[in-house]
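> Please read through the structure below; I'll follow up with questions.
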Amino acid sequence: MILPLFFLFGCAPKPIVISDKLPDTYVIPSEYVSLSGWEAENFDEMLLFFKQNCTTKKAQKLYGDLCQEAGNVSDAKAFFEASLRPYKLIAQEAPEEGLMTGYYEPLLQGSLKQSKRYAYPVYAVPDDLVTVKLDTIYPELKGIRLRGRLEGTALVPYSSREAMKESNAPVICYVDDKIALFFLEVQGSGRIELDNSETIFVGFSNQNGHPYRSIGKYLVAIGEIAQEEISLQSIRVWFDEHPERVDEILNHNPSYVFFQERTHSATGSLGLALTPERSIAVDTHYLPLGSMLFMQSRDPLTLEPIRKTVFAQDTGGAIKGEVRADLFWGFGEEAERKAGKMQEPLELWILMPK
23 MILPLFFLFG
33 CAPKPIVISD
43 KLPDTYVIPS
53 EYVSLSGWEA
63 ENFDEMLLFF
73 KQNCTTKKAQ
83 KLYGDLCQEA
93 GNVSDAKAFF
103 EASLRPYKLI
113 AQEAPEEGLM
123 TGYYEPLLQG
133 SLKQSKRYAY
143 PVYAVPDDLV
153 TVKLDTIYPE
163 LKGIRLRGRL
173 EGTALVPYSS
183 REAMKESNAP
193 VICYVDDKIA
203 LFFLEVQGSG
213 RIELDNSETI
223 FVGFSNQNGH
233 PYRSIGKYLV
243 AIGEIAQEEI
253 SLQSIRVWFD
263 EHPERVDEIL
273 NHNPSYVFFQ
283 ERTHSATGSL
293 GLALTPERSI
303 AVDTHYLPLG
313 SMLFMQSRDP
323 LTLEPIRKTV
333 FAQDTGGAIK
343 GEVRADLFWG
353 FGEEAERKAG
363 KMQEPLELWI
373 LMPK
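This note's numbering puts the first residue of the sequence shown at 23, with every later residue one more than the last.
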């Protein structure tokens, strides 16, 4: 439910809560004329992605009859401007700051059989992992889940990353690079080219319940990589130069991701295949999955502005905050370069029914 709008006396609008279901999400009502780059959008493409988004129940709940109306639109730009209003996301603790990072679909080398080369297991969800949705008992804890395993009648924490080497979890396959496997966890989905010439797709299924801790921030904190140089690529170089410290650094993050095989390439938490440069991961405490947004950021390699409509179709353990998102760059070397380098300023507007 969208709450009634109200303003302060004077010219400056007051931040409002956008929805009673998102009590911590503050926005300022805006207009399309204030969205630099809006007029240059490909509105027919936007309409196509909007209709794809509307195949999910979450998007249907957000956009209601507009999902059905989108099937009979002849002027996409007029449809969006007449039906939706932009609201600028405001970060309460740092109103002028936002952060856009990037992710991609990696390719790993693997085998169905463990060997000296293919030594590192890609685990599926263990049979003894218990997931408790706390909002089934406490509605105010919507979206919060407790994970662990049973010891007698007590639920105890599940094995941390360091202890996973003793895991009895089912194995999907084995890969030849533990660092690439770690980055696969961070990205959430990827492809594994097997030694029998088959390629399988894997995606996030669950995790062990431990908090995500950034190894990039850790390497900066202990003085190993300068803040302005941190990226996926610089971390990889550091690992190559310090092979004896790989486990130490990886185990700083106790969180561990379990995968499942997928029938196609990168799929987000919304259940849709991700679209390069149109799909983003968000913090669902502040932004609902299925929402349509307009973003302003910049390309991490060229520093050219990126101004376009995107869709909240994924989540991630490192994505925390109101004006915070992770842009999906796709598959391939260029996608990896851009995703690995992206640490760019961000402004976001959520487009909601009028």
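From the three backbone atoms N, C-alpha and C, an ideal C-beta is built for every residue, glycine too.
1. Using the Cα positions of PHE265 and ILE159, report the straight-line distance between them to the nearest angstrom.
2. With 16 as the cutoff for other CB atoms within 10 Å, does VAL304 come out buried or exposed?
3. Please go through the segment 104-179 and give each complete beta strand (DSSP E) segment of 3 or more residues, from N-terminal end onward.
4. Give me the residue from GLU91, PRO108 and GLU358 with the minimum Cα distance to GLU377.
5. Between GLN255 and the rest of its own chain, which residues show a CB-CB distance below 6 Å, the 5 nearest in sequence each way excluded?
6. Would you decide whether ALA62 is buried or exposed? Buried here means 16 or more other CB atoms lie within 10 Å of its CB.
7. Run the CB neighbour count on GLN335, radius 10 Å, all protein chains shown included, and call it buried at 16 or more, exposed below.
8. Quick check on CYS76: does DSSP put it in helix, strand or coil?
9. Buried or exposed: LEU311, going by 16 or more other Cβ atoms within 10 Å of its Cβ?
10. Would you mind listing the alpha helix (DSSP H) stretches within the segment 281-347 that are 4+ residues and don't spill past its ends, in chain order?
11. Taking one C-beta from the segment 91-101 and one from the segment 320-340 each time, how about it: are there three or more such pairs within less than 8 Å?
12. Can you confirm whether the segment 118-137 touches the segment 191-209 when touching is taken to mean that 3 or more C-beta pairs between the two stretches lie within less than 8 Å?
13. Would you mind stating whether LEU151 and ASN230 have Cβ atoms separated by less than 9 Å?
14. Provide the residue span of the beta strand (DSSP E) that contains VAL259, from first to last.
15. Just curious, the beta strand (DSSP E) that GLY225 is in, first and last residue?
16. Cβ atoms of LYS376 and LEU323: under 9 Å apart, would you say?
17. Could you give the residue range of the alpha helix (DSSP H) that holds VAL39?
18. Secondary structure at TYR54, three-state DSSP: helix, strand or coil?
19. Closest to ASN273 by CA distance: which of PHE280, VAL259 and TYR240 is it?
20. Once the 5 residues before and after LEU106 are set aside, which same chain residues still bring their CB inside 8 Å of it?
21. Thinking just about the alpha-carbon of each residue, which of TRP60, GLU358, HIS307 and SER52 is nearest to the one in GLY212?
22. With respect to the beta strand (DSSP E) encompassing VAL95, which residues constitute its N-terminal and C-terminal limits?
23. Could you tell me if VAL345 is buried or exposed, where buried requires 16 or more neighbouring beta carbons within 10 angstroms of its beta carbon?
24. Compute the Euclidean distance between the alpha carbons of TYR85 and PHE102, then round it to the nearest angstrom.
25. Please classify GLU207: is it buried, with 16 or more other beta-carbons within 10 angstroms of its beta-carbon, or exposed?
26. Please identify the residue among PRO128, GLY245, GLY225 and GLN318 whose C-alpha is closest to the C-alpha of SER291.
27. DSSP three-state call for GLY212: helix, strand or coil?
28. Is MET42 near TYR308, with beta carbons less than 9 Å apart?
The relevant details are as follows:
1. Residue identity check: residue 265 is Pro in the sequence provided, not Phe. So the two alpha carbons sit approximately 46 Å from each other.
2. buried
3. 106-112, 121-127, 129-133, 142-145, 152-155, 167-173 and 176-178
4. Since the displayed the chain opens at 23 and closes at 376, residue 377 lies outside it and no answer follows.
5. GLY362
6. exposed
7. buried
8. coil
9. buried
10. none
11. no
12. yes
13. yes
14. That residue, VAL259, is in no beta strand (DSSP E); its alpha helix (DSSP H) goes 254-263.
15. 221-229
16. no
17. No alpha helix (DSSP H) contains VAL39, which is instead part of the beta strand (DSSP E) from 38-41.
18. helix
19. TYR240
20. LEU88, MET314, LEU373, MET374, PRO375 and LYS376
21. GLU358
22. Unbroken run through VAL95: none, as it is neither H nor E.
23. buried
24. 12 Å
25. buried
26. GLY225
27. strand
28. First, the residue type needs correcting, since residue 42 is Asp and not Met in the sequence shown. In this structure, TYR308 does not lie closer than 9 Å to ASP42 by Cβ.
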